[in-house]
Amino acid sequence: MKIAIVGTGYVGLVTGTCFAEMGLNVICVDVDKSKVEKLENGVIPIYEPGLEELVRKNHNDGRLSFTTDLESCIDDVDIIFIAVGTPPDEDGSADLKYVLEVARTIGRSMKKYVLVVTKSTVPVGTAALVRSTIQKELDDRGLNIDFDVASNPEFLKEGNAVIDFMRPDRVVVGVESEKARKLLSKLYKPFMLNNFRVIFMDVPSAEMTKYAANAMLATRISFMNSIANLCEAVGADVNMVRAGIGSDMRIGKKFLYAGCGYGGSCFPKDVKALIKTASEYGVDMEILRSVEKVNAYQKGLLFRKFSLYYNGDLKGKTVAIWGLSFKPETDDMRDAPSVVLIRSLIEAGCKVRAYDPIAMDEGRRILGDECVYYAKDMYDAVLDADGLFLVTEWKQFRLPAWNVVKKVMNHPYIVDGRNIYDVEELRSLGFDYECIGRRFDK
Ligand SMILES: NC(=O)c1ccc[n+]([C@@H]2O[C@H](COP(=O)([O-])OP(=O)(O)OC[C@H]3O[C@@H](n4cnc5c(N)ncnc54)[C@H](O)[C@@H]3O)[C@@H](O)[C@H]2O)c1
1 MKIAIVGTGY VGLVTGTCFA EMGLNVICVD VDKSKVEKLE NGVIPIYEPG
51 LEELVRKNHN DGRLSFTTDL ESCIDDVDII FIAVGTPPDE DGSADLKYVL
101 EVARTIGRSM KKYVLVVTKS TVPVGTAALV RSTIQKELDD RGLNIDFDVA
151 SNPEFLKEGN AVIDFMRPDR VVVGVESEKA RKLLSKLYKP FMLNNFRVIF
201 MDVPSAEMTK YAANAMLATR ISFMNSIANL CEAVGADVNM VRAGIGSDMR
251 IGKKFLYAGC GYGGSCFPKD VKALIKTASE YGVDMEILRS VEKVNAYQKG
301 LLFRKFSLYY NGDLKGKTVA IWGLSFKPET DDMRDAPSVV LIRSLIEAGC
351 KVRAYDPIAM DEGRRILGDE CVYYAKDMYD AVLDADGLFL VTEWKQFRLP
401 AWNVVKKVMN HPYIVDGRNI YDVEELRSLG FDYECIGRRF DK
């Protein structure tokens with residue numbers, strides 16, 4: 001079996017590489033010429049643990065190739081995955097222009113049966129739209145060629161993407177025909193040897209499953225952030241509460257951490273898109289509107305704490321930021337809490353010194369280097385700082401040499417946006433310390 005993956009970003013590159021690793025012939029397609037050139041030369045455009053070695057190995061073995069020319073490979077493959085971006089449109093809905101562009105190209109060029117699978121996160125009804133878009137092109141060409149459309153949303157997590165893809169909790173597949181079901185069963189069979197499950201369902205349910213999963217996770221985060229803020233007000237400790245509720249099997253331990261809000265390329269846009277879909281169908285997603293509201297409030301929390309500490313007198317203050325990416329083990333800064341915080345600090349007249357183990361280039365791209373100094377290391381970042389913000393909980397920030405930090409800071413004040421430090425330890429070292437929803441006397 002030979003497959004094509006269209007869109008060679010976080011999802012497409014991981015998907016293509018992992019299928020190649022299972023012995024399939026995979027061609028990855030992207031419109032970004034420089035990305036394709038880099039990949040052909042073994043340079044990986046994103047940071048994802050374990051991916052680089054796998055790409056190089058499978059490329060060298062001849063199972064994984066890259067091209068910008070989708071038309072040239074359409075009739076060489078049995079399955080085409082669409083894994084292009086679906087960014088939010090101005091009104092919050094998922095922008096399907098890239099997905100439909102791919103569908104048009106397929107319809108314009110195909111000469112034989114092909115199974116087209118949407119892997120991008122797309123609203124209910126998109127597979128049907130892909131089908132009608134391809135069909136229209138075929139009609140314009142006066143051709144009657146059989147094809148199938150299926151939905152196979154991706155659940156991988158950036159930072160753990162290769163492991164997630166190779167050993168998924170489950171694979172969700174929405175199909176409309178027995179032929180498509182058989183092809184996708186065969187494709188995923190190597191992953192199922194260890195009893196991972198493929199859950200077959202109808203196409204709209206598969207499309208909805210992805211949004212429901214991300215909306216549920218975002219809801220847990222906003223819920224815990226609200227509980228954390230209340231803990232702080234009433235004198236309870238959110239870490240204790242988390243331990244207390246997480247041990248209930250019905251609740252479970254994951255996604256119960258309070259922090260400075262969710263970000264990344266998926267939760268913000270998927271929550272927005274689901275609200276939009278619901279409104280189009282006359283269904284009010286009040287709960288998700290609250291999830292968004294709580295998250296926006298939480299993203300401003302670190303700045304408000306800092307401002308309160310200095311009684312609003314922030315002009316000229318030097319601020320250190322540890323962590324730019326939206327979570328550890330990725331360079332992705334899309335909708336990251338660090339961006340909201342840094343922009344507020346700059347607006348208030350602060351000087352920002354930022355450090356991230358991986359996302360420094362992405363930081364320069366998103367925030368520019370006029371108002372932000374990109375530090376050589378985490379200790380360079382705190383030089384002369386009047387405050388230190390821990391924004392992303394990279395492992396290397398867990399056990400800093402506090403004596404060095406204290407020595408070089410102008411004023412020993414820490415705002416811990418991920419609740420990872422020990423209150424007593426920092427206090428005993430002479431730091432003023434704040435975090436989110438934990439109990440200690442100020
Ligand atoms: N990033 C994640 O963690 C994640 C997880 C699950 C699902 N998803 C979903 O998967 C989809 C892709 O996300 P991503 O993070 O990989 O995006 P990305 O922005 O990293 O990559 C998308 C790629 O598609 C390419 N592209 C755009 N139009 C194209 C076209 N017409 N032909 C070929 N290539 C084209 C772009 O150049 C880019 O390289 C989105 O719908 C996203 O919501 C993402």
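Here the sequence shown is numbered in full-length UniProt numbering, starting from 1 and rising by one per residue.
Beta carbons are placed, not taken as given, at the ideal position from N, Cα and C, and that holds for glycine.
If you're wondering where the values come from, they're calculated on a predicted model, not measured in any experiment.
Practice task
Under 6 Å from any heavy atom of ligand 1, by CB: list those residues in chain order, please.
Solution key: V6, G7, T8, G9, Y10, V11, G12, V29, D30, V31, D32, K35, A83, V84, G85, T86, Y98, E101, V102, S120, T121, E154, L156, E158, S265 and C266
Problem - For S247, three-class secondary structure by DSSP - result: The count along the sequence shown starts at 1 and reaches residue 247 at position 247. Three-state DSSP puts S247 in coil, outside helix and strand.
Exercise for the section: Sort out for me which residues DSSP pairs V29 with in a bridge. Expected result: Taking the sequence shown and counting its residues from 1, one reaches residue 29 at position 29. For V29, which the question treats as bridged, DSSP gives the partners V6 and T67.
Exercise for the section: To the nearest angstrom, report how far apart I3 and V198 are at their CA atoms. Expected result: Within the sequence shown, numbered from 1, the residue matching residue 3 stands at position 3. Within the sequence shown, numbered from 1, the residue matching residue 198 stands at position 198. About 19 Å.
Handout entry: Of the residues G12, I342, P153 and F196, the one placed nearest V26, counting alpha carbons only
Key = Locating residue 26 in the sequence shown gives position 26, counting from the first residue. Residue G12 is the option with its Cα nearest to V26.
Handout entry: The alpha helix (DSSP H) enclosing K189, as first and last residue numbers
Key = Reading the sequence shown from its first residue, position 189 is the one you call residue 189. DSSP places K189 in the uninterrupted alpha helix (DSSP H) bounded by E178 to M192.
Exercise for the section: Could you check if K253 is buried or exposed, using at least 16 other CB atoms within 10 Å of its CB as the buried criterion? Expected result: On the sequence shown, residue 253 is found 253 positions in, with the first residue counted as 1. By the 10 Å Cβ count, K253 comes out exposed.
Practice task
Could you check which residue in H411, P412 and Y433 has the C-alpha nearest to that of Y421?
Solution key: Counting from 1 along the sequence shown, the entry for residue 421 is found at position 421. Per the Cα distances, Y433.
Practice task
Can you tell me which of E53, L274 and R220 puts its alpha carbon nearest to the alpha carbon of G246?
Solution key: The residue given as residue 246 occupies position 246 in the sequence shown. Of E53, L274 and R220, the residue nearest in Cα terms is R220.
Problem - Reduced DSSP secondary structure (H/G/I, E/B, other) of P88 - result: In the sequence shown, residue 88 corresponds to position 88, counting from 1. Strand, per DSSP.
Practice task
Reducing DSSP to helix, strand and coil, say where I420 ends up.
Solution key: Taking the first residue of the sequence shown as position 1, residue 420 is located at position 420. I420 falls in the coil class under three-state DSSP.
Handout entry: Local Cβ density within 10 Å of G174, reported as buried at 16 or more and exposed below that
Key = Within the sequence shown, the letter at position 174 stands for residue 174. Per the 10 Å Cβ criterion, buried.
Handout entry: Alpha-carbon to alpha-carbon, C266 and G125
Key = Position 125 of the sequence shown holds residue 125. Position 266 of the sequence shown holds residue 266. Rounded to the nearest angstrom, the two C-alpha atoms are 19 Å apart.
Handout entry: A94 to L324 span [Cα, whole Å]
Key = The sequence position of residue 94 within the sequence shown is 94, counting from 1. The sequence position of residue 324 within the sequence shown is 324, counting from 1. Going by the C-alpha atoms only, they are around 25 Å apart.
Exercise for the section: With DSSP collapsed to three states, give me the class of F326. Expected result: As a first step, residue 326 must be located in the sequence shown, where it is residue number 326. Looking at F326 - three-state DSSP - the assignment turns out to be coil, as it is neither helix nor strand.
Problem - Inter-residue spacing [alpha-carbon to alpha-carbon] between residue 444 and V6 - result: Given that the chain is displayed from residue 1 to residue 442, the structure contains no residue 444 and the question cannot be resolved.
Exercise for the section: Take every Cβ of the stretch 184-200, pair it with every Cβ of the stretch 156-164, and state whether three or more of those distances are shorter than 8 Å. Expected result: no
Problem - Residue of N41, S65 and S34 minimising C-alpha distance to E21 - result: Here residue 21 refers to the residue found at position 21 of the sequence shown. Closest by alpha carbon: S65.
Problem - Distance between beta carbons of K315 and G349, contact taken as under 8 Å - result: Numbered from its first residue, the sequence shown carries residue 349 at position 349. Numbered from its first residue, the sequence shown carries residue 315 at position 315. Going by Cβ atoms, the distance from G349 to K315 rounds to 4 Å, so yes, they are a contact pair.
Practice task
Look at F155 and A213 and say whether their C-beta atoms are less than 8 Å apart.
Solution key: On the sequence shown, position 155 is the one that residue 155 refers to. On the sequence shown, position 213 is the one that residue 213 refers to. Yes, Cβ-Cβ distance for F155 and A213 is below 8 Å.
Exercise for the section: Tell me whether the beta-carbon of V319 lies closer than 8 Å to the beta-carbon of A401. Expected result: Within the sequence shown, the letter at position 319 stands for residue 319. Within the sequence shown, the letter at position 401 stands for residue 401. Not closer than 8 Å, so no.
Problem - Nonlocal neighbours in the same chain, by C-beta distance under 6 Å from Y188, ignoring five residues either side - result: For this step, residue 188 is matched to residue 188 along the sequence shown. Answer for Y188: V171 and V198, listed in chain order.
Exercise for the section: State the start and end residues of the unbroken alpha helix (DSSP H) segment that holds Y374. Expected result: For the purposes of this step, residue 374 is taken as the residue at position 374 of the sequence shown. Element bounds for Y374: not the alpha helix (DSSP H) but the beta strand (DSSP E), V372 to Y374.
Problem - Sheet register partners of N353 (DSSP bridge) - result: One-based indexing of the sequence shown puts residue 353 at position 353. Asn is not the amino acid found at residue 353; the sequence shown has Arg there. Beta-bridge pairing links R353 to A320 and Y373.
Problem - G263 beta carbon less than 8 Å from that of A336 - result: Counting from 1 along the sequence shown, the entry for residue 336 is found at position 336. Counting from 1 along the sequence shown, the entry for residue 263 is found at position 263. Yes; because the gap between Cβ atoms is below 8 Å, this pair is in contact.
Problem - Delimiting residues of the beta strand (DSSP E) encompassing G387 - result: Reading the sequence shown from its first residue, position 387 is the one you call residue 387. For G387, the enclosing beta strand (DSSP E) starts and ends at G387 to L390.
Practice task
Classify D416 as buried or exposed, calling it buried when 16 or more other Cβ atoms lie within 10 Å of its own Cβ.
Solution key: Against the sequence shown, residue 416 aligns to sequence position 416. Answer is buried; the Cβ neighbour count reaches 16.
Exercise for the section: Mind listing, in chain order, the continuous alpha helix (DSSP H) runs of no fewer than 4 residues lying wholly within the stretch 97-183? Expected result: Whole alpha helix (DSSP H) segments, 4+ residues: 97-109, 126-140 and 161-166.
Problem - Integer-rounded CB distance, given that D30 should sit under 8 Å from T68 - result: Walking along the sequence shown from the start, residue 68 turns up at place 68. Walking along the sequence shown from the start, residue 30 turns up at place 30. Confirmed, Cβ separation roughly 6 Å.
Practice task
Rank Y98, C73, F81 and K293 by C-alpha distance to the C-alpha of V14 and give the top, closest one.
Solution key: Translated into the one-based positions of the sequence shown, residue 14 becomes position 14. Residue F81 is the option with its Cα nearest to V14.
Exercise for the section: Report yes or no: do three or more beta-carbon pairs, one from the stretch 139-153 and one from the stretch 282-302, lie closer than 8 Å? Expected result: No, because fewer than three Cβ pairs between the stretch 139-153 and the stretch 282-302 fall closer than 8 Å, the two stretches do not touch.
Problem - Close Cβ partners of residue 478 (< 6 Å) along its chain, the five nearest in sequence each way excluded - result: Residue 478 lies beyond the range of the chain shown here (1 to 442); nothing can be said about it.
Practice task
Give the straight-line distance between the Cα atoms of M201 and T209, rounded to the nearest whole angstrom.
Solution key: Taking the first residue of the sequence shown as position 1, residue 201 is located at position 201. Taking the first residue of the sequence shown as position 1, residue 209 is located at position 209. Taking the straight line joining both Cα atoms gives about 10 Å.
Handout entry: Of the residues K97, L115 and D284, the one placed nearest A180, counting alpha carbons only
Key = As a first step, residue 180 is located in the sequence shown; it is residue number 180 there, counting from the start. Closest option to A180, Cα to Cα, is L115.
Handout entry: V77 versus R439, V291, L183 and M224, residue with shortest Cα-Cα distance
Key = As a working mapping, residue 77 is identified with position 77 in the sequence shown. The residue with the shortest Cα to Cα distance from V77 is L183.
Problem - Straight-line Cα distance separating R56 from V283 - result: In the sequence shown, the residue the question calls residue 283 occupies position 283. In the sequence shown, the residue the question calls residue 56 occupies position 56. Near 47 Å, if we compare the C-alpha coordinates of R56 and V283.
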